[in-house]
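A quick write-up on the structure given underneath.
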Amino acid sequence: MQSRNTQTRNTRQRALILRAVRSRSDHPCADDIYGDVKKADPRVSRATVYRNLGVLCDRGEIARVKVPSADRFDLRCDRHYHFYCVRCGAVFDAPVDYMSSIDRMAEEGSGFKVLRHRTVFEGLCSDCLLKEGKK
Ligand SMILES: [Zn+2]
Ligand SMILES: [Zn+2]
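Just so you know, we're using the working numbering here: the sequence shown kicks off at 28 and counts up by one.
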């Protein structure tokens, strides 16, 4: 059984974590969020941040984006695609509408019910392309 104080602290810390994710549109990783939350509450632990990010994702308040490096967190929960820069690790929203027609195509005759698909386009961001050009 958690004490009332512990519960209050948990709720407050989760609210801080949610606010930290929602204040960034750059798809931060858990460590980025930990750094932001720690500024507001130095007593918060890394484990608390990681655990609460999972809880917030399960509740659908934020989204998790799987990329080849560490998982990223997204304030946008609607279905959308991402760009992943293989050089610097930056993650951006891709300007492409979600294509539900692909879900139906995959289902066709398969007996499988597709709920959604996730797409990450891997490549080089404009900053990295620019740096590459200057070499
Ligand atoms: Zn890059
Ligand atoms: Zn996104």
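The beta-carbon is built from N, C-alpha and C at its ideal position, and this holds for glycine as well.
With respect to G136, V113 sits apart: the two C-beta atoms are not nearer than 9 Å.
A straight-line Cα-Cα distance of about 36 Å links D154 and R131.
Those residues that bring their Cβ nearer than 5 Å to a heavy atom of ligand 2 are D101, R103, D120. With respect to the C-alpha of F110, the residue from H54, A42, T38 having the closest C-alpha is H54. Cβ contact annotation for Q40 (same chain, cutoff 7 Å, sequence separation greater than five): D68, V71, T75, N79, in chain order. Shortest Cα-Cα distance from M126 to any of L102, H107, D63 involves H107.
Here the residues close to ligand 1, judged by CB distance below 7 Å to any of its heavy atoms, are C112, R114, C115, A117, L151, C152, D154, C155 in chain order. The residue among D124, V147, Y61, G87 with its C-alpha nearest the C-alpha of A47 is Y61. Within a 10 Å sphere around the beta-carbon of F148 sit fewer than 16 other beta-carbons, which makes this residue exposed. In terms of Cα proximity to T146, the closest of G138, D120, L157, C84 is D120.
Counting along the chain, V147 sits inside the beta strand (DSSP E) bounded by residues 147-150.
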